[in-house]
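For reference, the structure is listed below as structure tokens.
Residue numbers (my numbering): 4 to 159.
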């Protein structure tokens, strides 16, 4: 069994918008395949009161106003080409770029959702090489206190 441990300072936010509630015919195959599960997760597990919170940028950063996006911290977004969150991540990346808050938008080619958790896939190597580059370029180079630690633990 493999566990990936993300330590403090690394924000991992995969669900940035309520795209899974939109028209399934406009979605990619991967998005359409997970939309029903994502709708249930948002309504019953993530939001305390989904109907009241569905426009809240704290729940959905993709709903943030342009003014609020300008106050975002410098942001790097890493996504997989065939991930079910690619559309909403791409939209947020474009909005953050316009607001001057996007440092990097990395899309790992050929990778699907959670493929970075499978060490034998080439996309795993690409994902973590990209992550190391982002950390070295933006975290260590700027002497910020933000740190990223990813540890693998394998059980036989």
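Idealized CB from N, CA, C, for every residue including glycine.
In the structure shown, residue 91 adopts helical secondary structure according to DSSP, grouped into three states. A contact is defined here as three or more CB-CB pairs under 8 Å, and the segment 78 to 86 meets this definition with respect to the segment 118 to 132. Straight across, the Cα-Cα distance linking residue 48 with residue 23 is about 15 Å. Per DSSP, residue 65 lies in no alpha helix (DSSP H) segment and is marked neither H nor E. Close CB contacts of residue 46 within its chain, under the 8 Å cut and outside five residues either way in sequence, are with 53 (chain order). Taking the Cβ atoms as the reference, residue 21 lies roughly 6 Å from residue 63, within the contact range of under 8 Å. For residue 41, the secondary structure class from DSSP, reduced to helix, strand or coil, is helix.
Residue 91 and residue 68 have their C-alpha atoms roughly 15 Å apart.
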